[in-house]
Structures are given as structure tokens and as C-alpha cells.
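J.: Each residue of the sequence shown is one higher than the last, beginning at 11 in the numbering used here. Just so it is clear, CB atoms sit at the ideal spot from N, CA and C, and this is done for glycine as well. None of the values given here were measured: they were computed from a predicted structure.
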Amino acid sequence: MTTPRRLLAALLAGGLAVAAAGCDTAEPAAPPAEAGPPFTPAASDGTSWAPAPVQLDGLTAVAGTVGDEYRLHTADGDVTFLPGVNLGPTIPGHQPGELAIDAATYRRWFALMGDMGIRVVRIYAVHRPDFYRELRTYNLAHPDAPLYLMAGVYLPDESYVQTRNLHLPGPTAAFDAELVDAVAAVHGDLSRPDTPGHASGTWDADVSAWTAGWIVGAEWDPVASSASDTRNPGAPPVAGRWFTSSAEATPTERWITARLETLAAAQVSRGAVAPVAFVNWSTTDPLRHPDEPIPEEDLAQIDANAARPTAAWQGGYFASYHAYPYFPDFLRYEPALAAAGNGDAYAGYLRALKQHHAGLPVVISEFGVPSSLGSAHTGPGGRDQGDHSEQEAVRTDAAMLRTIADAGLAGGLLFSWTDEWFKFTWNTRQRHVPADRRQLWHDPLTNEQWFGLLAQDPEPSPDAVPIRLAVDDVELTVRTDPGWVHLELRLPEEPVGALDLAFDVVPGGASVLPDGTADAVSDAAVHLDPAAGTGQVLVRRELDPVLLDFPAGEQPDRGADPWVPAQLTTNRPLTVPTTGEQLPAEFFDVGRLQAGPMDPADPGYDSRNTIAVSGRTVTLRLPWSLLGFSDPSSRQALIPSGPRGTSVDVDRVGVALVLDGERLDLGTFTWEPWNRVYSSERVKAGVQEWVDAVADVSRRSS
Numbered sequence: 011m012t013t014p015r016r017l018l019a020a021l022l023a024g025g026l027a028v029a030a031a032g033c034d035t036a037e038p039a040a041p042p043a044e045a046g047p048p049f050t051p052a053a054s055d056g057t058s059w060a061p062a063p064v065q066l067d068g069l070t071a072v073a074g075t076v077g078d079e080y081r082l083h084t085a086d087g088d089v090t091f092l093p094g095v096n097l098g099p100t101i102p103g104h105q106p107g108e109l110a111i112d113a114a115t116y117r118r119w120f121a122l123m124g125d126m127g128i129r130v131v132r133i134y135a136v137h138r139p140d141f142y143r144e145l146r147t148y149n150l151a152h153p154d155a156p157l158y159l160m161a162g163v164y165l166p167d168e169s170y171v172q173t174r175n176l177h178l179p180g181p182t183a184a185f186d187a188e189l190v191d192a193v194a195a196v197h198g199d200l201s202r203p204d205t206p207g208h209a210s211g212t213w214d215a216d217v218s219a220w221t222a223g224w225i226v227g228a229e230w231d232p233v234a235s236s237a238s239d240t241r242n243p244g245a246p247p248v249a250g251r252w253f254t255s256s257a258e259a260t261p262t263e264r265w266i267t268a269r270l271e272t273l274a275a276a277q278v279s280r281g282a283v284a285p286v287a288f289v290n291w292s293t294t295d296p297l298r299h300p301d302e303p304i305p306e307e308d309l310a311q312i313d314a315n316a317a318r319p320t321a322a323w324q325g326g327y328f329a330s331y332h333a334y335p336y337f338p339d340f341l342r343y344e345p346a347l348a349a350a351g352n353g354d355a356y357a358g359y360l361r362a363l364k365q366h367h368a369g370l371p372v373v374i375s376e377f378g379v380p381s382s383l384g385s386a387h388t389g390p391g392g393r394d395q396g397d398h399s400e401q402e403a404v405r406t407d408a409a410m411l412r413t414i415a416d417a418g419l420a421g422g423l424l425f426s427w428t429d430e431w432f433k434f435t436w437n438t439r440q441r442h443v444p445a446d447r448r449q450l451w452h453d454p455l456t457n458e459q460w461f462g463l464l465a466q467d468p469e470p471s472p473d474a475v476p477i478r479l480a481v482d483d484v485e486l487t488v489r490t491d492p493g494w495v496h497l498e499l500r501l502p503e504e505p506v507g508a509l510d511l512a513f514d515v516v517p518g519g520a521s522v523l524p525d526g527t528a529d530a531v532s533d534a535a536v537h538l539d540p541a542a543g544t545g546q547v548l549v550r551r552e553l554d555p556v557l558l559d560f561p562a563g564e565q566p567d568r569g570a571d572p573w574v575p576a577q578l579t580t581n582r583p584l585t586v587p588t589t590g591e592q593l594p595a596e597f598f599d600v601g602r603l604q605a606g607p608m609d610p611a612d613p614g615y616d617s618r619n620t621i622a623v624s625g626r627t628v629t630l631r632l633p634w635s636l637l638g639f640s641d642p643s644s645r646q647a648l649i650p651s652g653p654r655g656t657s658v659d660v661d662r663v664g665v666a667l668v669l670d671g672e673r674l675d676l677g678t679f680t681w682e683p684w685n686r687v688y689s690s691e692r693v694k695a696g697v698q699e700w701v702d703a704v705a706d707v708s709r710r711s712s
């Protein structure tokens, strides 16, 4: 887009080095609404989901597999499709290794899951003892509608990604020990001392009666896995009592098979067994994708068929995939998948997985789209990696759950139960500096933070007060929280033309600007047309973070304009190997503002709305990252210089209004840095569609 001339003339005229004018204080912001949009709790169809375990050679089994069927044994027959959600280990303000979820939160969440008709909750690692206690308590109180556990065990030692050697003693011994501990935790028979990054305490609640299966491991790094195979050609085959490796198994597949043997043995030692699988994802699936433009995304093939249960293993075995509709790119460029899915490449991909694993159940253990303002990738059929309203995201999730069931697969576990502030994604990761404070703020541009059925809305500190700037007849009220800068601009009269708000964020001077500019200038600007309800965020070209997404010498042409639109890269230039088609870089205009209600309780609410106009009042909520902040919690702004971004301290932000070609400096605002966050929990808009889909796909064997 072309920047309005009056914006250039006024904003480049100089800095905003004036004191705040007309500042006063006010009462803290009102607390958030107590509940989001309602949904009708799932109604019982009269059948019981109570576990009805069977005895197999003296072992108890609440679930098993027969051919390509997963069979969860319940009082009213075997359930053959498992609908559920993934539950992470943390809450806003904390890293995953802190395992910060308390008993009251688990209790509240389990009740909500039950109301939604969710029957399976998957975890990725051993949770703190409160998880198991609350799960047992909930299930005993709801005998005919319990929550079944899909237990996970993460790699305690992921050093293979750096060493390129999965077979070293460290990763092997650590994973084996964690597998044994995880089984003990499920049986309520484990004590562990405090260890950073690991759950500790005493596990005394036995939830094995509701443990429907195990999915262990992590998404395999393709480069490291391939290199590890090259380093270990002589890795011995596995000939265990419970699992063996196939003759064609790669060294990585043999290593995984040996870990499944450990898991099976640990279960048998406790007298109860359940189906097992290992984590896999589309990047390392066993299929070949010749149309994939990024070589690493089809470099390594890891196959569940390479691990084979022996006749002695009665617990069951299945294949598990994290499969999303927008990545890798072969979903866009592999015509056979769209044909197999009757025009839906994702459906075609699911069918290809089922065909490859004929005779083995397949569970899609992660899927979903986020309700984020930002996007990281374009998917076929409009299922992009972001830029969805909450209603649209839930609707898409519900449709995908039905697609998974229609493909004849054995289960679909949505990612995820709740939004996770600590997450990062490829096209904003380098904008977060310092990265170790990412969990202290909620970035609307980072799609990975917005996958939940539950929103974790950022809230201001209880002692925060709005800042009011007033010059002449113009008033600007500024409120901040860990996700947004909220602006309420009151003009002397109802605006009939465009106006601009300019923000001086980065201190001027050659010492901090990559081009050596010494003059202080505005760094971000919002061009608004209040009458049309539209707006566009612009960034000074020297501070354009898009350049961080490209190697030196391969950066895109951003034009000669001193101002560029705020964008996110959604793909670098690619070439489709089979056709030679050259694909240009792709960008998403994340700075394009959308008008509408910003209150979740409003019927017209869209989670992407960022502007509202009422008479002479213009209300904005702007993500910190659109104003150039790399970490608002420590008041750091991004400097996109060199191969990685750096940051600079920001004491305060100056604001100017450009109206009718005239520039008016309104003053500056600041906020207190924070190390503690406040948030409110809310069921996202549109969840009824997910509730209905869960009810529709739950099926039982005839």
C-alpha cells in the first residue's frame, strides 16, 4: 500500500519528546465478564461409558485393539472412536517445566470437559499428583460419564537434536526411566524429589481403571533422526518379549521399538495393560511426498509398522499422528491427496495414512486451527494457521473431527484444551526478545498461543490505572495489559476523514538503529478511516521485522516507501520439485485492522476485532508486537538487525495525532514492568459446534 502523504509529512517531521499532558489517574479497570458465550451441556444418550475391563491372561485391560479398531471396553459395549482434547502442563505466566496447574484448576477443567461431552484427555508428560487425584475424584463422582486418560511420556533428554545421535546412553536411559515412572504415577505408586522441569511429589491416586492408552515420545526432528540413522547403521534389532522390530526397521525405529518394550513391560508388571503408540507427525510420516518443496519436511520416514507386537502382548498397538491441515506444504501441492479426498487434501491425507497402516488403528492425536490474529501458514480450503475468529476456529475444528471419523480412523484429539502463552511459532519467534519471558505476555500475532477451546484472556494488574492524555479538545486514554495496548481516542467532533496515530517507541540515535539514523522519529503508525471503520498499522522500514524471516542476501523487496505495512511472512520462496514451479514468498497483512465489538459477551464479537467507532470516539486495541515491542513485560522494543533480532530498553511511548494534515503531540505513556500476570478464563465463542460434533462421532461397535 502507499502511505498517505500527510502521514509522511507529519510523522517524519520529528520526535515526540514532550511530557505527558493532562495525565490523571482513575479506578482500575472493571473485572472481566464471568462467563463466555454459553453452550448447552452434552446430553446423555442413555448409554454408559463406565469402564468394563476384560481379563487377558491374568492382566486387566480397559481397552485394546483388533485389526484397525480401537476398542474401549465400556458397560454398554466397546467404543471404537475416541473424541478428546490435549491438555498441556501449564497456565499463563509459567513455562511448561514449572507444572503450575493447581488442584482447583484441574477440578474446574474436568467439570467443563464433562459438560462438553469430551471423553478422553491426553497429556504429554507426567503431571503433578493433583492431576491424578482430581481425575480419580471426578470419575468416581461420574461413573457413567468418566474422563479417560491417554497418557503421554515426553523425552526427558532431547539432546539428540544437537548430538544427532538418538542412541547415546543419556537419552535412552532417561526415557526408559521416565516410562517406568509414568506407569507408576498412573497406578498411584510413585514418589519423586523436586527436580527442575519434572513433576515431583507423591502420587497416591490410582487412575489405571480409566487409562485408555499411551502415546509416548515427541515430534521427531527429521534432520537429527536422519543423521542418527547414518551414525548407527549397526543398531541391533529388537526381539523383546512384547515388541519386535521389523527386518526393514531403521535405527530410529528400532530405538523406538525398544522403548515400547520398556513401556509394555512396565504395564505388565502392574497387572494392567492398555494400547500403546509413539508420537509421530506429518513431517516424519512413512509416506513419500515428492511434491513437498521443503526437503527437510520429507527427509525422514518413521513408520509405526516397523514396531510389531508379539503374540504375548495383549494390550494393543496403534499409530498416532499430529496432523494439521496447513503444513507441511505437500498438502497444497500433492494433487493425489486432493483427489483421494474428493477435493479435500486433508481428508485425502487421512485416508492415505489409514491405507498405509492397514490392520492398525490410527488416531489423530493432534489437530486444529487457532483463533489468532496472526497467521503462520496458508492451508487448503481456508484452514490457515491463524486469522480465524473463535467461532470460525471452533467450526473448523468440529468439521475436522467429523472428517477424521468419516475417514474410518480410531480417534481425534483436539489441540488444545486451553490457550498457552509460552508457545512460539516460526514467523514471530525472532520478534520475541528476550525469549525466556515469552510466557509473561500473550502475543496475538503468535498463532501457537491461541489453539484452546478455553481462552486465557490477559487482564491488567489490579493496581493498574489508565493514563489520560489531553491536548486542546483531544483526549486519549491508554490502558495496558499483557496482550494489548487499549486506546480510546475522543475527538472534538465526529471524524469525517482519515486520521493517523503515530507512536515513538524506539529511542532515537545511531547507537540503536541499524541504519545509523540519529534523528528521533515515529516508529509505528495507525492510519484510520473512522467513517469506514478501517485501519492499517504501518512500521518504519528500518524497523520492519519481516526481514528477520529471510537469510542475508535473500530478503524480499519491501519497496522504497519510508513506511511499510505490518505483515507476517507465511512462506519463504519455494520450488515444487516435481514441476519446477517457483512459488514467491507469501505475506499476511496482520496490520489490517478489523472493526467490530471487542467484548466477548457482545453478539457481534469477533476475536480479531481491533477497532470500534462510536460518534467522535475511536477505540483501538493493538497487540504490543504491532507497536514494535519484543517484550512489553520488561519494556523491550525490537531492533531487527543482523540474523537475529535484538532489543532496546523503552522508558515510555510518545503518541501524536495527525488530523487534517496537522500534527498534535499528545504526550507519552508508560507502564510498570511485570513478572506476574493476570488473566481470566473464558469458554470461546462457538463452542456449541464442538460439543455437537463430539456427540456425533462417538460410536460403538455393533
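(1) So for GLN604, helix, strand or coil by DSSP?
(2) I want to know whether the segment 151-171 touches the segment 53-70 - three or more CB-CB distances under 8 Å.
(3) Kindly indicate the opening and closing residues of the beta strand (DSSP E) around ALA703.
(4) For ASP9, count neighbouring C-beta atoms within 10 Å of its own C-beta (all shown protein chains included) and say buried if the count is 16 or more, exposed if not.
(5) For ALA703, I'd like the list of residues in its chain whose CB is within less than 7 Å of its CB, leaving aside the five on either flank, ordered along the chain.
(6) Using CA atoms only, rank isn't needed, just tell me which of LEU150, GLU229, PHE513 and PHE185 is closest to HIS208.
(7) State yes or no: is the C-beta of PRO517 nearer than 7 Å to some heavy atom of the ligand SAH?
(8) To which residues does DSSP link SER657 through a beta bridge?
(9) Hey, would you say LEU464 sits closer than 8 Å to GLU691, going by beta carbons?
(10) Is it the case that the Cβ atoms of VAL130 and ALA222 are separated by a distance below 8 Å?
(11) Look up MET126 in the DSSP assignment and say whether it is helix, strand or coil.
(12) With a cut-off of 8 Å, do at least 3 Cβ pairs link the segment 59-73 to the segment 387-399?
(13) Specify, as a first and last residue, the run of the alpha helix (DSSP H) that HIS366 falls within.
(14) Does DSSP put GLU691 in a helix, in a strand, or in coil?
(15) Give the straight-line distance between the Cα atoms of PRO300 and TRP265, rounded to the nearest whole angstrom.
(16) Return the residue from the list ASP670, ASN242, TRP684 and GLY545 that minimises the CA-CA distance to VAL623.
(17) Just curious, the beta strand (DSSP E) that ALA4 is in, first and last residue?
(18) Taking the straight line between their C-alpha atoms, what separation do you get for GLY217 and GLY162?
(19) If you pair each beta-carbon of the segment 562-570 with each one of the segment 533-541, do three or more pairs fall below 8 Å?
(20) For GLY652, count neighbouring Cβ atoms within 10 angstroms of its own Cβ and tell me buried if that reaches 16, exposed if not.
(21) How should ALA279 be labelled, buried or exposed, when 16 other C-beta atoms within 10 angstroms of its C-beta is the threshold for buried?
(22) Of all the options ALA187, TYR615 and VAL556, which has the alpha carbon lying nearest to the alpha carbon of THR272?
(23) What's the gap between the Cα of ASP446 and the Cα of HIS104?
(24) When you compare the CB positions of VAL723 and ALA268, do they come within less than 8 Å of one another, or not?
(25) If we count the other Cβ atoms within 10 Å of its Cβ and call it buried at 16 or more, is ALA310 buried or exposed?
(26) Per DSSP, which one or two residues make a beta bridge with ASP510?
(27) May I have the straight-line CA-CA distance separating ARG16 from GLU430, to the nearest angstrom?
(28) So SER624 is in the alpha helix (DSSP H); what residue range does that whole segment cover?
(29) Answer yes or no: do ILE415 and PHE91 have a C-beta to C-beta separation smaller than 8 Å?
(30) Between the segment 349-361 and the segment 598-608, do three or more beta carbon pairs fall short of 8 Å?
(31) Tell me which same chain residues have a C-beta within less than 7 Å of the C-beta of ARG489, skipping the five on either side of it?
(32) Taking THR680 as part of the alpha helix (DSSP H), name the residues at either end of that continuous run.
(33) Taking DSSP as the reference, what is the three-state secondary structure of PRO93?
(34) Could you give the C-beta distance for LEU176 and SER238, rounded to a whole number, given that I count them as a contact under 8 Å?
(35) Mind checking GLN592: buried by the 16 CB within 10 Å criterion, or exposed?
(36) Hey, how far is the Cα of PRO303 from the Cα of ASN581?
T.: From the atom records:
(1) Taking the sequence shown and counting its residues from 1, the one referred to as residue 604 is at position 594. Correct three-state label for GLN604: coil.
(2) yes
(3) Taking the sequence shown and counting its residues from 1, one reaches residue 703 at position 693. Counting along the chain, ALA703 falls outside any beta strand (DSSP E), though it belongs to the alpha helix (DSSP H) covering 697-707.
(4) Residue 9 lies beyond the stretch modelled for the chain, which goes from 11 to 712, so this question has no answer here.
(5) Here residue 703 is taken as the residue at index 693 of the sequence shown, counted from 1. Hits under 7 Å: ALA408, LEU411 and ARG412.
(6) Indexing the sequence shown from 1 puts residue 208 at position 198. The candidate whose alpha carbon is nearest that of HIS208 is PHE185.
(7) The model on display carries no ligand, and the ligand SAH is accordingly not part of it.
(8) Stepping through the sequence shown from its first residue, residue 657 is reached at position 647. DSSP, once it has assigned bridges, lists LEU648 as partnering SER657.
(9) The sequence position of residue 464 within the sequence shown is 454, counting from 1. The sequence position of residue 691 within the sequence shown is 681, counting from 1. Yes, these two residues count as a Cβ contact at 8 Å.
(10) Sequence index remark: in the sequence shown, residue 130 carries index 120 (1-based). Sequence index remark: in the sequence shown, residue 222 carries index 212 (1-based). Against a cut-off of 8 Å, the Cβ pair of ALA222 and VAL130 comes out as a contact.
(11) Mapped onto the sequence shown, residue 126 falls at position 116. The DSSP-derived three-state label of MET126 is coil.
(12) no
(13) As a working mapping, residue 366 is identified with position 356 in the sequence shown. Unbroken alpha helix (DSSP H) run through HIS366: 355-366.
(14) As a position in the sequence shown, residue 691 is number 681, starting the count at 1. GLU691: strand per DSSP, three-state reduction.
(15) The count along the sequence shown starts at 1 and reaches residue 300 at position 290. The count along the sequence shown starts at 1 and reaches residue 265 at position 255. Distance between the alpha carbons of PRO300 and TRP265: 27 Å.
(16) Translated into the one-based positions of the sequence shown, residue 623 becomes position 613. It is GLY545 whose Cα lies nearest to the Cα of VAL623.
(17) A query on residue 4 cannot be resolved here, the shown segment of the chain reaching from 11 to 712 and no further.
(18) Here residue 217 is taken as the residue at index 207 of the sequence shown, counted from 1. Here residue 162 is taken as the residue at index 152 of the sequence shown, counted from 1. Rather than Gly, the amino acid found at residue 217 in this sequence is Val. The straight-line gap from Cα to Cα measures roughly 14 Å.
(19) no
(20) Along the sequence shown, read from residue 1 onward, the residue named residue 652 stands at position 642. The residue is exposed, with fewer than 16 neighbouring Cβ atoms inside 10 Å.
(21) The sequence position of residue 279 within the sequence shown is 269, counting from 1. It is worth fixing the name first, because residue 279 is Ser in this sequence and not Ala. Exposed.
(22) Indexing the sequence shown from 1 puts residue 272 at position 262. Taking only the C-alpha atoms, the option nearest THR272 is ALA187.
(23) Within the sequence shown, residue 446 is the residue found at index 436, counting from 1. Within the sequence shown, residue 104 is the residue found at index 94, counting from 1. When rounded, the distance between both Cα atoms is 10 Å.
(24) Shown here, the chain extends from 11 to 712; a query on residue 723 therefore has no answer.
(25) The sequence position of residue 310 within the sequence shown is 300, counting from 1. Buried is the call here.
(26) What you label residue 510 is simply residue 500 of the sequence shown in a count that begins at 1. HIS537 and VAL668.
(27) Numbered from 1 along the sequence shown, position 6 holds the residue referred to as residue 16. Numbered from 1 along the sequence shown, position 420 holds the residue referred to as residue 430. In this prediction, ARG16 scores a pLDDT of 37, lower than 50, which makes its location untrustworthy; the coordinate-derived value is nonetheless stated afterwards. Each residue's Cα considered, the two are about 41 Å apart.
(28) Taking the first residue of the sequence shown as position 1, residue 624 is located at position 614. Element bounds for SER624: not the alpha helix (DSSP H) but the beta strand (DSSP E), 621-624.
(29) For the purposes of this step, residue 415 is taken as residue 405 along the sequence shown, with counting starting at 1. For the purposes of this step, residue 91 is taken as residue 81 along the sequence shown, with counting starting at 1. One point to set straight first is that residue 415 is Ala, not Ile, in the sequence displayed. In contact: ALA415 and PHE91 (Cβ atoms closer than 8 Å).
(30) Per the Cβ contact rule, the segment 349-361 is not in contact with the segment 598-608 (fewer than 3 Cβ pairs under 8 Å).
(31) What you label residue 489 is simply residue 479 of the sequence shown in a count that begins at 1. Hits under 7 Å: ALA39, PRO470, PRO476 and HIS496.
(32) Residue numbering aside, residue 680 sits at position 670 when the sequence shown is read from its first letter. From DSSP, THR680 is part of no alpha helix (DSSP H); its letter is neither H nor E.
(33) As a working mapping, residue 93 is identified with position 83 in the sequence shown. Three-state DSSP puts PRO93 in a strand.
(34) As a position in the sequence shown, residue 176 is number 166, starting the count at 1. As a position in the sequence shown, residue 238 is number 228, starting the count at 1. So it is a contact: roughly 4 Å between Cβ atoms.
(35) Counted from its first residue, the sequence shown places residue 592 at position 582. When all chains shown are included, GLN592 counts as exposed.
(36) For the purposes of this step, residue 303 is identified with residue 293 of the sequence shown, where counting begins at 1. For the purposes of this step, residue 581 is identified with residue 571 of the sequence shown, where counting begins at 1. Taking the straight line joining both Cα atoms gives about 11 Å.
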